[in-house]
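Listed in order, the protein sequences are those of chains A and B.
Using numbering that gives the first Met the number 0, you'd call the opening residue of the first sequence number 0 and step up by one each time.
Using numbering that gives the first Met the number 0, you'd call the opening residue of the second sequence number 0 and step up by one each time.
Note that beta-carbon positions come from the ideal geometry of N, C-alpha and C, so glycine has one too.
Because the structure is a prediction, the values reported are computed rather than measured.
Report on one structure; see the data block that follows.
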Amino acid sequence: MLEIEDLRAEIDGKEILKGVSLSIGPGETHAIMGPNGSGKSTLSYVIAGRDGYEITGGSIRFLGEDLAEMEPEERARAGLFLAFQYPLEIPGVTTTTFLRTALNAHRKARGEDELDPMGFIKLVRAKTRALGIADDMLKRPVNVGFSGGEKKRNEVLQMALLEPRLAVLDETDSGLDIDALKVVADGVNALRDPQRSTLVITHYQRLLGYIVPDHVHILAGGRIVRSGGAELAEELEARGYAGVVPEAA
Amino acid sequence: MATNATMTVEEPAAIAAGRAAFRADGPGGAAAARLRQQGLDRFTALGLPTRRTEAWRYTDLRDVARTAWTLAPAAVDPAQAAPWLADTDADRRLVLVNGRFRPDLSTPDLPGVTATPLDGLLADGDGAAAAVLDEALTSGERPFLALNTAFLDGGLVVRLAPGATVGRLEIVCLTLPGGDAPAMSHPRLIIEAGDGADATLVERHVGPAGPILTTPVLQITVGAGARLGHYKLQREGGETSHLATVLVQVARDAVYDGFMLSTGGAVARTEVAAVLTGRGGECRLSGTYLGRGRQVLDTTTVVRHAVPDCRSRQVIKGVLDDQARGVFQGRIEVARDAQRTDGYQMNRALLLSPQAEIDSKPELEIFADDVKCSHGATAGELDAEALFYLRSRGLDAERARALLIEAFVVEVLDEIADDAVRQHFTEIVTDWLAADRADHGATAERGAA
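As structure tokens, then:
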């Protein structure tokens with residue numbers, strides 16, 4: 000699904016990723032954990048294709064395609080989804096318009112008919128109910144005046160609609176209380192199937208109690224310094240980054 | 000060595016031509032002749048503004064000054080005017096061609112509406128009409144209002160009956176030159192909404208592509224308890240200089256809901272001076288300007304709170320592409336007695352090209368102590384993070400840009416209270432955005448090829 004080999008990336012001439020290798024197979028859930036400044040968010044942005052992040056070495060392939068050659072929207076339509084740590088507010092664009100435009104961009108890319116407003120509303124209502132999202136949120140401008148929890152629910156709603164092959168969750172747990180965390184985790188888990196993969200990027204073990212990973216990697220100083228199973232997250236929780244990977248502290 | 004060099008300033012071509020075209024006598028009898036002469040004297044005293052004139056610092060009129068303008072013909076064949084009226088509502092319109100009211104192109108006998116040619120009123124010795132024009136001439140330093148008065152020809156007085164619910168009424172100002180020579184027209188309108196009247200006015204300015212100077216002056220009074228929606232649409236040709244003055248008086252408990260959409264012309268300025276003269280009055284003065292190429296679009300406003308307990312609100316948003324320039328000068332004045340004034344003003348500009356420019360000068364002048372006034376101005380490019388967010392959801396870059404631009408500007412159209420007008424203006428805005436996009440798409444493809 001995702002093959003990252005010896006990936007090096009810099010921003011403003013500063014090297015942040017210093018040789019990251021990671022392989023995620025279909026149906027797998029991986030977690031990348033790491034202290035602040037370890038390169039976690041940079042990795043998610045490099046995967047999604049944000050401007051300003053320059054790949055200086057190595058490779059990153061998604062479903063066999065070289066991601067570095069693809070625009071962010073091409074990556075999205077190929078089945079990649081980044082749930083943002085800080086979802087953007089977009090005044091003047093209602094959430095419904097945003098969601099429908101996004102979904103139709105995907106449908107068009109797949110050669111399917113675009114959904115009309117009525118057909119779309121039916122589809123989105125089913126998803127919002129499952130995620131405990133009030134219909135009122137759909138009428139409001141994207142993320143404007145949303146609480147932290149609502150913004151993250153909106154991210155998961157987008158994911159549920161776009162049904163990506165690989166979802167990258169960047170610090171999705173930040174700013175969430177326990178109830179919101181459960182709703183978000185349920186939404187992510189509902190999409191898990193043998194053909195879809197998930198990459199959870201987080202500082203804390205907390206989220207991994209709800210989205211249980213198959214593999215856990217510790218990112219420190221721009222490299223993956225240790226990999227293991229779900230138990231690695233528990234070890235981190237017990238002993239801290241300094242205890243598990245002294246070089247990271 | 001002399002430190003002060005003596006310079007001989009050559010008279011601009013526009014002034015020489017204007018002097019040659021001037022004739023005090025004409026329609027409207029002695030009163031009109033007197034007004035025209037006073038208009039010329041006033042214009043001569045004020046002179047053509049340059050960028051050294053504070054009120055005109057940001058708007059360059061050198062092209063206007065160096066052009067030898069001729070008067071657009073008074074008589075125009077209705078068949079020539081017809082194509083320009085295609086977008087208008089034939090059942091609810093009043094039409095001026097080259098400043099002259101055209102009953103043959105206008106809807107007769109609209110309920111609650113009395114439309115009378117201004118020159119007719121002046122010729123009949125209507126002292127009130129002359130007084131309104133006199134008041135405007137001495138009200139401030141407005142050279143193009145003076146010029147408009149100097150070439151007073153025809154004009155229109157629209158009276159809305161007290162208590163009448165008039166609905167939508169379109170006023171169309173069309174300039175049609177007689178030939179290829181640069182032509183000027185000077186439309187003059189007096190609009191009086193009687194006490195308790197309720198009306199929605201759509202003011203359209205249209206005209207062909209050649210060099211045109213137009214100086215529309217509207218004097219509007221909104222009577223006690225009346226509501227007047229006034230929605231101006233400026234979509235003239237690419238070589239038009241549109242230098243408009245709007246003077247508004249809002250009486251007790253009246254609502255003036257003004258909005259300006261400006262997309263046309265080479266230089267287009269609307270200067271609005273609104274005065275709240277009665278308690279409980281409300282003045283809304285919003286708008287949007289969409290500029291590309293080398294257009295200069297100027298919105299200059301003064302809202303004066305002369306009495307207590309009035310509200311004013313202004314939201315002006317602009318989108319500027321290419322080398323277009325926007326100017327926003329907005330002043331809120333609060334007189335010493337105007338306690339409990341509630342004033343709000345916001346100007347936001349979106350710059351789509353590195354060469355586009357906005358000059359914004361918001362001012363507050365407050366002499367009362369118990370007031371709530373705020374103003375602000377922002378200018379910037381599209382938010383790169385928001386663009387990335389949309390693209391990361393599968394929208395291509397062009398679609399994402401279009402969505403963000405549209406979101407930015409369409410929001411301001413919510414200021415228009417009238418649904419039908421808002422929808423109409425929204426269509427014009429989205430058409431403009433699509434055309435701009437198509438143009439840049441073509442440029443990008445040429446660049447890539």
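Closer than 8 Å to chain A by CB, residue i
{"i": "residue 1 of chain B", "result": "Unreliable positioning characterises residue 1 of chain B in this predicted model, as indicated by a pLDDT of 45, which lies under 50. A coordinate reading is not provided."}
{"i": "residue 449 of chain B", "result": "Any question about residue 449 of chain B goes unanswered here, given that chain B covers just 0 to 448."}
{"i": "residue 275 of chain B", "result": "no"}
{"i": "residue 430 of chain B", "result": "no"}
{"i": "residue 238 of chain B", "result": "no"}
{"i": "residue 436 of chain B", "result": "no"}
{"i": "residue 482 of chain B", "result": "Residue coverage of chain B in this structure runs from 0 to 448, which leaves residue 482 of chain B outside it and unanswerable."}
{"i": "residue 390 of chain B", "result": "yes"}
{"i": "residue 447 of chain B", "result": "Here residue 447 of chain B scores only 43 on pLDDT, less than 50, and its place in the model should not be relied on; the value that follows carries that caveat. No, its Cβ sits nowhere closer than 8 Å to a Cβ of chain A."}
{"i": "residue 395 of chain B", "result": "yes"}
{"i": "residue 444 of chain B", "result": "The pLDDT assigned to residue 444 of chain B is 47, lower than 50, so where the model puts this residue is not dependable; a value taken from the coordinates is nonetheless given after this. Chain A contact via Cβ: absent."}
{"i": "residue 216 of chain B", "result": "no"}
{"i": "residue 318 of chain B", "result": "no"}
{"i": "residue 402 of chain B", "result": "yes"}
{"i": "residue 258 of chain B", "result": "no"}
Residue burial classification, residue i (beta-carbon count within 10 angstroms, cutoff 16)
{"i": "residue 0 of chain B", "result": "Confidence in residue 0 of chain B is poor, its pLDDT being 44 and thus under 50, which makes the residue's placement unreliable; the coordinate value appears in the next sentence. With fewer than 16 Cβ atoms within 10 Å of its Cβ, residue 0 of chain B is classed as exposed."}
{"i": "residue 395 of chain B", "result": "buried"}
{"i": "residue 135 of chain B", "result": "buried"}
{"i": "residue 448 of chain B", "result": "Per-residue confidence for residue 448 of chain B stands at a pLDDT of 37, beneath the threshold of 50, marking its modelled position as unreliable; no derived number is given."}
{"i": "residue 238 of chain A", "result": "exposed"}
{"i": "residue 291 of chain B", "result": "buried"}
{"i": "residue 176 of chain B", "result": "buried"}
{"i": "residue 373 of chain B", "result": "exposed"}
{"i": "residue 157 of chain A", "result": "buried"}
{"i": "residue 361 of chain B", "result": "buried"}
{"i": "residue 422 of chain B", "result": "exposed"}
{"i": "residue 35 of chain A", "result": "exposed"}
Residue i (DSSP reduced to helix, strand or coil)
{"i": "residue 158 of chain A", "result": "helix"}
{"i": "residue 202 of chain A", "result": "coil"}
{"i": "residue 226 of chain B", "result": "strand"}
{"i": "residue 69 of chain A", "result": "coil"}
{"i": "residue 119 of chain A", "result": "helix"}
{"i": "residue 136 of chain A", "result": "helix"}
{"i": "residue 5 of chain A", "result": "strand"}
{"i": "residue 42 of chain B", "result": "helix"}
{"i": "residue 37 of chain A", "result": "coil"}
{"i": "residue 97 of chain B", "result": "coil"}
{"i": "residue 274 of chain B", "result": "strand"}
{"i": "residue 352 of chain B", "result": "coil"}
{"i": "residue 358 of chain B", "result": "strand"}
Residues near residue i in its chain [Cβ-Cβ closer than 7 Å; skip 5 each side]
{"i": "residue 445 of chain B", "result": "Confidence in residue 445 of chain B is poor, its pLDDT being 44 and thus under 50, which makes the residue's placement unreliable; the coordinate value appears in the next sentence. Taken in chain order, the list of residues that qualify is empty."}
{"i": "residue 103 of chain A", "result": "113 and 114"}
{"i": "residue 432 of chain B", "result": "401, 404 and 405"}
Residue-chain proximity (residue i, chain B), Cβ-Cβ < 8 Å
{"i": "residue 145 of chain A", "result": "no"}
{"i": "residue 50 of chain A", "result": "yes"}
{"i": "residue 152 of chain A", "result": "no"}
{"i": "residue 84 of chain A", "result": "no"}
{"i": "residue 92 of chain A", "result": "yes"}
{"i": "residue 101 of chain A", "result": "yes"}
{"i": "residue 159 of chain A", "result": "no"}
{"i": "residue 76 of chain A", "result": "yes"}
{"i": "residue 89 of chain A", "result": "yes"}
Contacts around residue i, its chain only, beta-carbon distance under 6 Å, and the 5 residues preceding and following it disregarded
{"i": "residue 52 of chain A", "result": "8, 10, 44 and 45"}
{"i": "residue 207 of chain A", "result": "30 and 232"}
{"i": "residue 101 of chain B", "result": "94"}
{"i": "residue 259 of chain B", "result": "231, 269 and 286"}
{"i": "residue 216 of chain B", "result": "144, 147, 187 and 244"}
{"i": "residue 327 of chain B", "result": "298, 315, 346 and 359"}
{"i": "residue 356 of chain B", "result": "324"}
{"i": "residue 30 of chain B", "result": "121 and 129"}
{"i": "residue 150 of chain A", "result": "86 and 142"}
{"i": "residue 310 of chain B", "result": "281 and 341"}
{"i": "residue 150 of chain B", "result": "185"}
Near the ligand SAM: residue i beta-carbon under 7 Å from a heavy atom
{"i": "residue 171 of chain A", "result": "Here there are no bound small molecules, and the ligand SAM is not part of this structure."}
Practice prompt. Could you say if the region 272-283 of chain B and the region 300-307 of chain B meet the contact criterion of at least three C-beta pairs nearer than 8 Å?
Written response: yes
Worksheet item: Are the region 171-178 of chain B and the region 127-144 of chain B in contact at 8 Å, needing three or more beta carbon pairs?
Response: no
Worksheet item: Counting Cβ pairs, one atom from each stretch, are 3 or more of them under 8 Å apart for the region 169-186 of chain A and the region 103-119 of chain A?
Response: no
Worksheet item: Counting pairs of beta carbons, one from the region 74-86 of chain B and one from the region 155-162 of chain B, are three or more of them closer than 8 Å?
Response: no
Worksheet item: Would the region 188-205 of chain A and the region 14-29 of chain A be scored as touching if the rule is three or more Cβ pairs under 8 Å?
Response: yes
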